[in-house]
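First comes the structure, then the notes that go with it.
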């Protein structure tokens with residue numbers, strides 16, 4: 001196969017060597033290596049030499065071009081790798097910072113929720129304590145009122161009993177006086193009704 005390439009090169013006689021084709025920056029390394037393997041057309045002196053010498057010189061020239069193009073490609077690839085590495089490091093740092101921010105916010109939110117729950121529990125306990133105190137005061141007040149009602153009822157019963165006793169005495173007195181007036185035949189000085 002190496003012998004066929006030199007024969008093709010000998011048959012072609014270009015008037016000017018073609019300018020090297022610009023390689024795209026995004027070309028994969030395999031494509032760049034394939035382009036660098038194609039040797040430039042030989043000059044007049046090389047045609048005169050034997051085929052074997054042409055092959056040896058071609059290999060030497062292609063190695064030189066390959067090494068210069070390879071170093072350029074290698075530099076481009078290394079620069080691209082460095083850029084990708086830098087971008088991936090930045091992305092990882094960004095993710096780390098976002099994660100830290102999320103964790104920090106989550107921690108603060110949970111501490112706020114715990115604070116809120118403790119304050120609510122304290123207020124509910126205080127409210128329950130106040131309600132218990134009010135219930136106790138209410139029970140004491142109800143007891144006092146019931147005691148007062150009972151005392152008033154007792155006093156009322158006593159007063160009723162006194163009134164009933166006095167009424168009974170007055171009735172007896174009236175009956176005795178009436179019996180006395182009947183026995184004596186005199187009329188009472190005070191007349192209760194108007195006749």
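Residue numbers (full-length UniProt numbering): 1 to 195. Quick reminder that beta carbons are idealized off the backbone N, C-alpha and C, glycines included. Predicted model only: the values in this text are computed from it and were never measured.
Taking C-alpha positions only, residue 77 is separated from residue 71 by approximately 9 Å.
Residue 85 has its alpha-carbon roughly 26 Å from the corresponding atom of residue 103.
Shown here, residue 128 sits in a helix according to DSSP, grouped into three states.
By the C-beta density criterion, residue 117 is exposed, having fewer than 16 other C-beta atoms within 10 angstroms. Runs of the alpha helix (DSSP H) lying entirely within the UniProt domain "Remorin C-terminal" (85 to 190) and spanning at least 4 residues: none are present.
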